[in-house]
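First residue of the sequence shown: 1, per the UniProt record's numbering; consecutive thereafter.
Below: the structure, in structure tokens.
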Amino acid sequence: MNPQASLIFAASLLLGTTITISSNHWIMAWTGLEINTLAILPLISKSHHPRAIEAATKYFLTQAAASALVLFASMTNAWHTGQWDITQLTHPTSCLILTSAIAMKLGLVPFHFWFPEVLQGSPLTTGLLLSTIMKLPPITLLYMTSPSLNPTLLTILAILSAALGGWMGLNQTQIRKILAFSSISHLGWMAIIIIYNPKLTLLNFYLYAMMTATVFLTLNTIKVLKLSTLMTAWTKIPSLNAMLLLTLLSLAGLPPLTGFLPKWLIIQELTKQEMAPAATLISLLSLLSLFFYLRLAYCTTITLPPHTTNHMKQWRTNKPTNITIAILTTVSIMLLPISPMILTIV
């Protein structure tokens, strides 16, 4: 893609995100969401492959429907209350419509069908944007309207997302689809706590974004898209593959790593709110996700799959690892010991 075009699209993404997260008026928030959608479409379809065009079309239709619902919810609220302020969303019907719209924007169950398909049709760098930056504006809107939302509805959506995100990722061989279902499962953890402790949702999102960025950038460096090619990629940069293993285990939420921190805090908060059954259920459902993370981790560090046919090995490259990946990997693995400091900041 032309560097000038890439710069314009990147600037538009930043502009759209900034407008949405800093606005008080519904129309401004909607404008930011639209700028974001229009900026990411050329990045999804830049390869001109039929699957990329299909992904861009699916993304456009879903996001357009969700934006229309955001506008409809805000207009209904303004009609009944005379308020266009985002924090003054008080009408029950508006809250219901907005929850559906944001769920559609984020890819929460039952509006999740577009996300794995779009991620599978996008390049890895665009997939990284879709999984992290594009989720920030809708989560910000949820954060600002969280006191008015329906707790029962959000808890149901969250538990269904954790269940389906884990369940549907089990049988996948395409890494981008596995990461899409992983994202849906993580969104379930964010949605369940947003009403009770919105700051925890943001902390969870930031840590998830860092870990996902590490995985996507590592995969982009070793040029891997499928499990079968991941098995032979260890010969390229062995040290990077070892770090990818730890990052995947962190994304799964295993204890000595960073990913355990948000899960631990969310379970603690749910127990304080007398929602122990929901905490138990969502913890058990995260075991489904753990299975496919372990599968990915196993494929990352296995030397060769056990078979008799000749298998092409990849050439080892002497290319130095990107400093960004090194920093992100360190943060994705080692933040748990300084969790008291993180909690004082949050």
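Where is the CB? At the ideal position from N, CA and C, for every residue including glycine.
None of these values were measured; they are calculated from a predicted model.
In the displayed model, K226 falls within a strand according to three-state DSSP. Selection Q273, L179 and L287 evaluated against L296 yields L179 as nearest (Cα-Cα).
Burial of S67 is indicated by the presence of at least 16 other C-beta atoms within 10 angstroms of its C-beta.
A Cβ-Cβ separation of about 12 Å leaves A73 out of contact with A103 under the 8 Å criterion.
One Cα belongs to I267, the other to L136, and the distance between them is close to 23 Å. The Cβ atoms of S185 and G166 lie closer than 8 Å to each other. Buried is the label assigned to W114, since at least 16 other Cβ atoms lie within 10 Å of its Cβ.
Taking the C-beta atoms as reference points, T258 is found nearer than 8 Å to L207. Excluding five sequence positions before and after W30, the CB atoms of its chain that fall closer than 8 Å to its own CB belong to S67, V70, L71 and S74, given in chain order. Closest option to L290, judged by alpha-carbon separation, among L251, L246 and A326: L251. Taking 8 Å as the cut-off, the beta carbon of L240 is found closer than this to the beta carbon of T321.
The alpha-carbon separation between H91 and N2 amounts to approximately 47 Å.
Burial state of H112 is buried, judged by a 10 Å Cβ sphere holding 16 or more other Cβ atoms.
Around the beta carbon of N77, 16 or more other beta carbons lie within 10 angstroms, which makes this residue buried.
By the CB criterion at 8 Å, P151 and N204 fall outside the cutoff. In the three-state reduction of the DSSP assignment, Q120 falls in the helix class. Taking the CA atoms as reference points, A39 sits about 5 Å from F9.
The Cβ-Cβ distance between T140 and T37 does not fall below 8 Å. Listed as beta-bridge partners of Q174 by DSSP are K226. Under a 10 Å Cβ-count criterion, N197 is classified as buried, with 16 or more other Cβ atoms of the shown protein chains found around its own Cβ. Your pair G121 and I44 checks out as a contact, with CB atoms roughly 7 Å apart and the cut at 8 Å. For H48, the three-state secondary structure derived from DSSP is coil. According to the DSSP assignment, I102 belongs to the alpha helix (DSSP H) that extends over P92 to L106.
Only residues of its own chain outside the window of five on either side were considered, and among them G253, L254 and L336 have a CB closer than 7 Å to the CB of F260, listed in chain order.
With a cutoff of 8 Å on beta-carbon distance, L89 and L98 are scored as near each other. For I159, the uninterrupted alpha helix (DSSP H) run begins and ends at P151 to G169, by DSSP.
Leaving aside the five residues that flank Q172 on each side, the residues in its chain whose CB is nearer than 6 Å to its CB run, in chain order, I178. C-alpha of L15 to C-alpha of I302: approximately 43 Å in a straight line.
When DSSP states are grouped into helix, strand and coil, H186 belongs to the helix group. Counting the other Cβ atoms within 10 Å of the Cβ of L287 gives fewer than 16, which makes it exposed.
Assigned with DSSP and collapsed to three states, H80 falls in helix.
Rounded to whole angstroms, the gap between the alpha carbons of S339 and E269 is 15 Å.
Counting C-beta atoms within 10 angstroms of its own C-beta, T212 has 16 or more neighbours from the protein chains shown and is therefore classed as buried. Under the criterion of beta carbons closer than 8 Å, V118 and K58 qualify as touching, at roughly 6 Å.
In chain order, M144 place their CB closer than 6 Å to the CB of T87, counting only its own chain and leaving out the 5 sequence neighbours on each side. By the criterion of a C-beta distance shorter than 8 Å, W189 is surrounded in its chain by A158, A162, N204, P262, K263, I266, I282 and S286, once the five residues flanking it on both sides are discounted.
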